[in-house]
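Encoded as structure tokens, the structure appears first; notes follow it.
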Amino acid sequence: MWVRGPTTHDAIPQPARPSPSPSQSPQRRAPAPAGQAPSRQQGRVAWVSTHGGAGASTLARLLGGADLGRRWPDPARGEPSQVLLVARTHQAGMQAVSQALHALRNGEQPAGVHLMAVVLVADAPGKLPRPLGRRVRVLRSAAEVHRVPWVPAWRLGAEVDQLPKSVRVLARRVSAPLAHAGRS
Numbered sequence: 286m287w288v289r290g291p292t293t294h295d296a297i298p299q300p301a302r303p304s305p306s307p308s309q310s311p312q313r314r315a316p317a318p319a320g321q322a323p324s325r326q327q328g329r330v331a332w333v334s335t336h337g338g339a340g341a342s343t344l345a346r347l348l349g350g351a352d353l354g355r356r357w358p359d360p361a362r363g364e365p366s367q368v369l370l371v372a373r374t375h376q377a378g379m380q381a382v383s384q385a386l387h388a389l390r391n392g393e394q395p396a397g398v399h400l401m402a403v404v405l406v407a408d409a410p411g412k413l414p415r416p417l418g419r420r421v422r423v424l425r426s427a428a429e430v431h432r433v434p435w436v437p438a439w440r441l442g443a444e445v446d447q448l449p450k451s452v453r454v455l456a457r458r459v460s461a462p463l464a465h466a467g468r469s
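Sequential numbering from 286 applies to the sequence shown in the numbering used here.
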């Protein structure tokens, strides 16, 4: 069975709206009221999926931060301004994250949103095919990129005794004091 990748419109995170349109994924959490700091659950970073099934929910649960689904955070409403764009390492995921980076470059995100990093979650065990590896190198030329390896236990919703080294590095990056050194 072949699963179709995201369409151009669906691949770009959407701005926060009071009620999502049918083409958007529903919000998982209501945004913080205007002027109010994000809750402890939301954390200091926002995980933004560039396509369905990217892995942002799992990473937010494991490492902390706000899982915003497929929409940009709105810092004016107290949501985290630091964004981690999440995608799978298959062709559709790479295309979706490229489109999201293009949207960032064109200023299509709410004011105050800053890219912390791109997080690429393995879509299968093993090495990437050469064309996808080249795509990762292109992404690295545009943004900080973190790779998350295939973790079989996560498919079943299970915990692991020790996170893979690359995930521990990402955890330190997420919990480090925030500096607006990321790209916006």
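From the three backbone atoms N, C-alpha and C, an ideal C-beta is built for every residue, glycine too.
In the DSSP annotation of this structure, the continuous segment of the beta strand (DSSP E) that includes A331 starts and ends at V330 to S334. The beta carbons of T335 and L370 sit closer together than 7 Å. Contact check for W357 against Q394 passes: the beta carbons are separated by less than 7 Å. One thing to note: L405 has its Cβ no nearer than 7 Å to the Cβ of R425.
Using a C-beta cut-off of 8 Å, the region 439-456 makes no contact with the region 371-382, since fewer than three inter-stretch Cβ pairs fall below that distance.
Rounded to the nearest whole angstrom, the CA to CA distance from G349 to V330 is 8 Å.
Distance from the Cα of A341 is smallest, within the candidate group R457, N391, K450 and V403, for V403.
Taking all protein chains in view, the Cβ of R355 is crowded by 16 or more other Cβ atoms within 10 Å, so the residue is classified as buried. For Q367, the enclosing beta strand (DSSP E) has its first and last residue at Q367 to R373.
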